[in-house]
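Quick note on the UniProt record's numbering: the sequence shown kicks off at 1 and runs consecutively. Just so you know, even glycine gets a beta-carbon here, dropped at the ideal spot from N, CA and C. These numbers were taken from a predicted model, which means no experiment stands behind them. Notes follow once the structure below has been shown.
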Amino acid sequence: MKILVCEDDAIVLKVVQLALEQEKFEVVLAKDGKQAFQQLQSANDFDLIITDIHMPYRNGDEILKWVREDQQRKTPIIMLSSDGEEEVIKLALKQGINEFLVKPVDAKDLIKKVKKLLN
1 MKILVCEDDA IVLKVVQLAL EQEKFEVVLA KDGKQAFQQL QSANDFDLII TDIHMPYRNG
61 DEILKWVRED QQRKTPIIML SSDGEEEVIK LALKQGINEF LVKPVDAKDL IKKVKKLLN
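And the structure:
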């Protein structure tokens with residue numbers, strides 16, 4: 001399974017990458033919204049997308065909109081954010097996010113959600 005991880009925080013990116021690779025997932029990294037769009041435009045074969053909500057150049061909401069509206073794809077998306085306010089979470093879920101994780105990311109919780117979405 002191929003997973004795109006879009007995260008501008010180097011530590012969070014590494015934690016997510018290591019957790020996924022430990023479970024034998026193929027991981028493609030994007031360090032900002034621009035790289036995320038480049039990856040999505042060059043390869044539409046991702047089984048799952050994990051994206052931060054706040055990133056330079058383009059944010060997680062723009063990625064969600066592009067995947068859901070412009071590409072009409074149902075690829076599962078997990079949104080990451082340090083903003084754990086209930087309103088933010090509800091809005092993200094209403095807009096089409098499959099799961100929401102509050103940072104700092106718990107690797108076990110992440111893997112549990114990833115496996116749930118990919119099964």
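* To do: Please list, in chain order, all residues of the same chain as Ile97 whose beta carbon is under 6 Å from its beta carbon, the five residues on each side excluded.
  => Ile77 and Met79
* **Residues that DSSP places opposite Ala30 in a beta bridge** => Cys6
* Asked: For Leu18, is the classification buried or exposed, using 16 other Cβ atoms within 10 angstroms of its Cβ as the cut-off for buried?
  -> exposed
* **Opening and closing residue of the beta strand (DSSP E) in which Ile78 lies** => Ile77 to Ser81
* How about the stretch 52–70 and the stretch 37–44: do they share at least three Cβ pairs that are nearer than 8 Å? -> yes
* How is Val105 classed by DSSP in three states: helix, strand or coil? -> coil
* Roughly how many angstroms lie between the CA atoms of Lys112 and Asp45, to the nearest whole one? -> 22 Å
* Which residues mark the beginning and the end of the beta strand (DSSP E) in which Ile97 is found? -> Careful: Ile97 lies outside any beta strand (DSSP E) and carries neither H nor E.
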